[in-house]
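In my numbering, the protein residues as written are 391 to 729.
Idealized CB from N, CA, C, for every residue including glycine.
Remember, predicted model here, so these are calculated numbers, not experimental data.
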Amino acid sequence: MSERAWHSSGAYLLNRLPGRGGLEVTADYLRAYFARPELAPIEESCEAEQVAHARLVDNPYLELSEQELAEFEDADAGQNYKVFLAFRDLLVASKTLEKAYLAIVRGEAGNVPPLFVEQIVHAILASILHGQTDPMRWRAAEVFFRSQNVSAEEGQLMLADEEVVDMFAETGGMGGLGQLVVEAATPLREVELDVLDEDNKQMYWARAERFDTVVDFRFTQPASDAFARVIEHWINHFTGVSVRVQPVQRIDDEKWTWHIGMDATATQLMNKLYEGADLSLEEEVSIIGLFRMDILDQQSVIERARGKPVWLGLAKSAAGKLNMKPQNLLINMPLQRGS
Numbered sequence: 391m392s393e394r395a396w397h398s399s400g401a402y403l404l405n406r407l408p409g410r411g412g413l414e415v416t417a418d419y420l421r422a423y424f425a426r427p428e429l430a431p432i433e434e435s436c437e438a439e440q441v442a443h444a445r446l447v448d449n450p451y452l453e454l455s456e457q458e459l460a461e462f463e464d465a466d467a468g469q470n471y472k473v474f475l476a477f478r479d480l481l482v483a484s485k486t487l488e489k490a491y492l493a494i495v496r497g498e499a500g501n502v503p504p505l506f507v508e509q510i511v512h513a514i515l516a517s518i519l520h521g522q523t524d525p526m527r528w529r530a531a532e533v534f535f536r537s538q539n540v541s542a543e544e545g546q547l548m549l550a551d552e553e554v555v556d557m558f559a560e561t562g563g564m565g566g567l568g569q570l571v572v573e574a575a576t577p578l579r580e581v582e583l584d585v586l587d588e589d590n591k592q593m594y595w596a597r598a599e600r601f602d603t604v605v606d607f608r609f610t611q612p613a614s615d616a617f618a619r620v621i622e623h624w625i626n627h628f629t630g631v632s633v634r635v636q637p638v639q640r641i642d643d644e645k646w647t648w649h650i651g652m653d654a655t656a657t658q659l660m661n662k663l664y665e666g667a668d669l670s671l672e673e674e675v676s677i678i679g680l681f682r683m684d685i686l687d688q689q690s691v692i693e694r695a696r697g698k699p700v701w702l703g704l705a706k707s708a709a710g711k712l713n714m715k716p717q718n719l720l721i722n723m724p725l726q727r728g729s
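Pasting the structure below:
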């Protein structure tokens, strides 16, 4: 059930500090990275790489010099270590994943690979959702850290994990065997991903690590509402501010004051709407979700936006992808400094 969901996030390796203290980075959490394919040595790895790996597994806080990394025969392996160790140093200095994430999204942490950022979000959301028994919220939360393929089918608005869709397209969902069949031009039986709904959503728990369920994200559908609830928890977790978020079909607000695009395309389109410009039909259909957010603690809100809703938007790119930027919900909130 929910207690075992998203084991791959590594959240169970972190210390959950009291209150809003966040997720404290631990040696075990750092150590887990050295089991990843990018860092784990292979049979052909040189002695210098194998020794460095063993030392870091023993002490994940160990400092490796440029000279030690230069001794790796595989330059790519040395670069992987260099990139990860810089990330490791950020986590250690920040003490919690939340502080590290905020440093990254505020531009205070240098260039951090997107994969590491997604892994931080994955772990934080696993902690936020700990004890949550509605599978739809967990599936909706995947949008925060995994790119989605967006398709309109028979009046539905379907979100499917982009990586999983690509895998099915290449192999029919049968891994290496499927790849051989595809390359041989042998017909595959049609493979469809399961659409999660209120009747079958309990299946999610057995497949949570596979990210292979699809949701209908239309207005009034459970996934859209679940996504709104995750937004509420995400904002409260970082800011301590309570908000209420509801899906809407359109924005009718003559006093439109504040909006947040939750991805690059939505930001562009909502800016146009705010400025009074008309959207083309193509732009209109690219919007896949609109939400009204009311900030319940109005004392935390800047004067200009006080008493007014914040409009949120999600949109697909021209390629039909949704790449959410959850940091926008934190850095673009109309909150007073210190909130």
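Inset, instruction - Determine the burial state of T610: buried for a count of at least 16 other Cβ atoms within 10 Å of its Cβ, exposed for fewer. - result: Within the sequence shown, residue 610 is the residue found at index 220, counting from 1. With fewer than 16 other Cβ atoms within 10 Å, it is exposed.
Inset, instruction - Tell me whether T416 sits in a helix, a strand or coil according to DSSP, three-state version. - result: Sequence index remark: in the sequence shown, residue 416 carries index 26 (1-based). Residue state, collapsed to three classes: coil.
Inset, instruction - Pull up the distance between the alpha-carbon of A531 and that of Y419, whole angstroms please. - result: By one-based count along the sequence shown, residue 531 stands at place 141. By one-based count along the sequence shown, residue 419 stands at place 29. When rounded, the distance between both Cα atoms is 22 Å.
Inset, instruction - Taking A438 and F462 to be in contact with their CB atoms under 8 Å, please state how far apart those CB atoms are, rounded to whole angstroms. - result: In the sequence shown, counting from the first residue as 1, residue 438 sits at position 48. In the sequence shown, counting from the first residue as 1, residue 462 sits at position 72. Correct: roughly 6 Å between the Cβ atoms.
Inset, instruction - Give the DSSP-derived three-state secondary structure of T657 in the structure shown. - result: In the sequence shown, residue 657 corresponds to position 267, counting from 1. In this structure, T657 counts as helix in the three-state DSSP scheme.
Inset, instruction - Give me whichever residues DSSP pairs with A548 in a beta bridge. - result: Taking the first residue of the sequence shown as 1, we reach residue 548 at position 158. It should be pointed out that residue 548 corresponds to Met in this sequence rather than to Ala. Looking at the DSSP assignment, M548 forms a beta bridge with S541, D606.
Legend entry - Nearest-angstrom Cα separation, counted from L459 out to Y471: Within the sequence shown, numbered from 1, the residue matching residue 471 stands at position 81. Within the sequence shown, numbered from 1, the residue matching residue 459 stands at position 69. Each residue's Cα considered, the two are about 8 Å apart.
Legend entry - For S455 and A709, the rounded distance between their alpha carbons: Counted from its first residue, the sequence shown places residue 709 at position 319. Counted from its first residue, the sequence shown places residue 455 at position 65. Those two C-alpha atoms are separated by around 43 Å.
Inset, instruction - Could you spell out where the alpha helix (DSSP H) holding W624 opens and where it closes? - result: By one-based count along the sequence shown, residue 624 stands at place 234. Segment 612–629, the alpha helix (DSSP H) holding W624.
Legend entry - alpha helix (DSSP H) segment containing I518, residue limits: Residue mapping note: residue 518 aligns to position 128 of the sequence shown, counting from 1. 504–518 is the extent of the alpha helix (DSSP H) around I518.
Legend entry - Contact the segment 622–635 vs the segment 664–677: 3+ CB pairs below 8 Å: no
Inset, instruction - Determine, using beta-carbon pairs with one atom in the segment 477–496 and one in the segment 408–425, whether at least three such pairs fall under 8 Å. - result: yes
Legend entry - When Y664, V638, V631, A654 are compared against K645, the one with the closest alpha-carbon: For the purposes of this step, residue 645 is taken as the residue at position 255 of the sequence shown. Ranking the options by Cα distance to K645, first place goes to Y664.
Inset, instruction - Would you tell me roughly how many angstroms separate the C-alpha atoms of A591 and L583, rounded to the nearest one? - result: Indexing the sequence shown from 1 puts residue 591 at position 201. Indexing the sequence shown from 1 puts residue 583 at position 193. This sequence places Lys at residue 591; Ala is not what is there. Looking at the backbone, the Cα of K591 and that of L583 are separated by about 13 Å.
Legend entry - As assigned by DSSP and simplified to three states, the class of L404: Within the sequence shown, the letter at position 14 stands for residue 404. Coil.
Legend entry - Beta-carbon proximity list for P716, same chain, < 8 Å, skipping 5 on both sides: Here residue 716 refers to the residue found at position 326 of the sequence shown. So the list reads V511, F534, F535, W624, M652, once near-sequence residues are dropped.
Inset, instruction - Report all residues from its chain with a CB closer than 7 Å to the CB of V555; omit the five preceding and five following residues, and keep chain order. - result: Counting from one through the sequence shown, the residue named residue 555 turns up at place 165. For V555, where only same-chain residues beyond five positions count, the Cβ hits under 7 Å are N539.
Legend entry - Three or more C-beta pairs below 8 Å linking the segment 546–554 and the segment 603–619: yes
Legend entry - Simplified DSSP state of Q636, which is helix, strand or coil: Residue mapping note: residue 636 aligns to position 246 of the sequence shown, counting from 1. Q636 falls in the strand class under three-state DSSP.
Inset, instruction - Report the three-state DSSP secondary structure of F601 (helix, strand or coil). - result: Start at 1 with the first residue of the sequence shown, and residue 601 comes out as number 211. Coil.
Legend entry - Residue environment, G566, which counts as buried when at least 16 other CB atoms sit within 10 Å: As a working mapping, residue 566 is identified with position 176 in the sequence shown. Its pLDDT being 48, under 50, G566 is placed unreliably by the model, and the measurement read from it follows with that caveat. Result: exposed.
Legend entry - Limits of the beta strand (DSSP E) - the one that V585 falls within: The residue given as residue 585 occupies position 195 in the sequence shown. It spans 584–586 - the beta strand (DSSP E) in which V585 sits, taken as one unbroken run.
Legend entry - Same chain only: Cβ atoms within 6 Å of M564, ignoring 5 sequence neighbours per side: Here residue 564 corresponds to residue number 174 of the sequence shown, with the count starting at 1. Summary for M564: the model assigns pLDDT 47, below 50, so the residue's position carries little reliability, and this model does not support an answer.
Inset, instruction - Provide the residue(s) that pair with G703 in DSSP beta bridges, ordered along the chain. - result: Residue 703 sits at position 313 when you count from the first residue of the sequence shown. G703 is bridged to G651, L680.
Legend entry - Euclidean distance between Cα positions of S484 and D589: The count along the sequence shown starts at 1 and reaches residue 484 at position 94. The count along the sequence shown starts at 1 and reaches residue 589 at position 199. Looking at the two C-alpha atoms, the distance is approximately 43 Å.
Inset, instruction - Below 7 Å CB to CB, which residues in the same chain sit around A575 once its five sequence neighbours on both sides are set aside? - result: Within the sequence shown, the letter at position 185 stands for residue 575. Unreliable positioning characterises A575 in this predicted model, as indicated by a pLDDT of 40, which lies under 50. The coordinate reading is nonetheless provided below. No residues qualify anywhere along the chain.
Legend entry - Where the alpha helix (DSSP H) containing D479 begins and where it ends: Counting from one through the sequence shown, the residue named residue 479 turns up at place 89. Here the alpha helix (DSSP H) through D479 covers 465–484.
Inset, instruction - Under the assumption that G679 contacts S614 (Cβ atoms under 8 Å), give the Cβ distance between them as a whole number of angstroms. - result: Here the question's residue 679 lines up with position 289 in the sequence shown. Here the question's residue 614 lines up with position 224 in the sequence shown. That pair is a contact at about 6 Å.
Inset, instruction - Given a cut-off of 7 Å, decide if V691 and P724 are closer than it, judged by their beta-carbon atoms. - result: Sequence index remark: in the sequence shown, residue 724 carries index 334 (1-based). Sequence index remark: in the sequence shown, residue 691 carries index 301 (1-based). Yes.
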